[in-house]
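**Student:**
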Amino acid sequence: MTQRALTGYLSELRLTTKEFKGKDNLKLDIVVSADELYVIRTGVETNFAKSFLLAASLIQDFSKPLIIVANAGDENTVFCNLYDAASKTKIYREWSRDLDWATIIRDIQILLSGTSSAIPSTPKLSVVPQPVHTQRIKNRIAAIDKEKIEYLVGRLG
692 MTQRALTGYL SELRLTTKEF KGKDNLKLDI VVSADELYVI RTGVETNFAK
742 SFLLAASLIQ DFSKPLIIVA NAGDENTVFC NLYDAASKTK IYREWSRDLD
792 WATIIRDIQI LLSGTSSAIP STPKLSVVPQ PVHTQRIKNR IAAIDKEKIE
842 YLVGRLG
């Protein structure tokens with residue numbers, strides 16, 4: 692993917708495992724419905740995932756389009772900026788060391804599913820084994836992690 696931004700509707704947030712060097716690594720899949728279905732895959736502990744989750748945690752209505760932007764930081768860092776697509780307003784939440792990422796993910800999943808009464812109050816995040824989808828749709832997976840930074844953001848310098 693050579694583009695730095697994607698405009699669409701956040702349709703799903705899921706945790707998956709991906710084997711790398713013989714170990715299972717936990718990944719966050721950000722599923723966006725745009726001109727086609729896109730899956731942005733990032734390590735759950737990355738700055739990209741955390742900056743995305745911080746901003747997304749402020750959204751109460753996911754029926755409106757968002758702009759997801761990948762921004763280069765240091766040589767091995769990618770951050771995410773999130774914007775309201777209609778107003779072009781940046782969605783921003785202050786960073787805190789005391790954040791409970793599992794609860795943030797769960798709360799976003801509840802809003803996306805629309806079935807908050809059916810989900811227990813204790814965070815129980817499910818990990819979806821690969822393969823995730825068998826649907827006959829085009830998927831583009833953008834791997835946003837340290838090994839794929841140049842691939843994702845291209846040559847910004």
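Going by my numbering, the first residue of the sequence shown is number 692, and it counts up by one from there.
We put the beta carbon where it would ideally sit given N, CA and C, even for glycine.
Only a predicted model underlies this, so the values are computations on that prediction, with no experimental measurement involved.
Just to check my reading of the structure: leucine 757 and alanine 776 have Cβ atoms closer than 8 Å, yes? What is that Cβ distance to the nearest angstrom?
**Tutor:** On the sequence shown, position 66 is the one that residue 757 refers to. On the sequence shown, position 85 is the one that residue 776 refers to. So it is a contact: roughly 6 Å between Cβ atoms.
**Student:** Can you tell me which of Val769, Asp752, Phe753 and Ser754 puts its alpha carbon nearest to the alpha carbon of valine 760?
**Tutor:** Residue mapping note: residue 760 aligns to position 69 of the sequence shown, counting from 1. The shortest Cα separation from valine 760 among Val769, Asp752, Phe753 and Ser754 belongs to Val769.
**Student:** Go ahead and pull the three-state DSSP assignment for phenylalanine 743.
**Tutor:** Within the sequence shown, numbered from 1, the residue matching residue 743 stands at position 52. Here phenylalanine 743 sits in helix by DSSP.
**Student:** Should glycine 805 go down as buried or exposed, given a rule of 16 or more other Cβ atoms within 10 Å for buried?
**Tutor:** For the purposes of this step, residue 805 is taken as residue 114 along the sequence shown, with counting starting at 1. Glycine 805 should be labelled exposed.
**Student:** How big is the Cα-Cα spacing for glycine 879 and lysine 714?
**Tutor:** Residue numbering for the chain in the displayed model covers 692 to 848; residue 879 lies beyond these limits and cannot be assessed.
**Student:** Helix or strand or just coil, what does DSSP make of valine 735?
**Tutor:** In the sequence shown, the residue the question calls residue 735 occupies position 44. Coil.
**Student:** Would you decide whether aspartate 720 is buried or exposed? Buried here means 16 or more other CB atoms lie within 10 Å of its CB.
**Tutor:** By one-based count along the sequence shown, residue 720 stands at place 29. Buried.
**Student:** Using the three-state DSSP reduction, which class does leucine 802 fall into: helix, strand or coil?
**Tutor:** As a working mapping, residue 802 is identified with position 111 in the sequence shown. Of the three classes helix, strand and coil, the one that applies to leucine 802 here is helix, per DSSP.
**Student:** I need the straight-line Cα distance from leucine 704 to alanine 747, nearest angstrom please.
**Tutor:** If you number the sequence shown from 1, residue 704 lands on position 13. If you number the sequence shown from 1, residue 747 lands on position 56. Looking at the two C-alpha atoms, the distance is approximately 11 Å.
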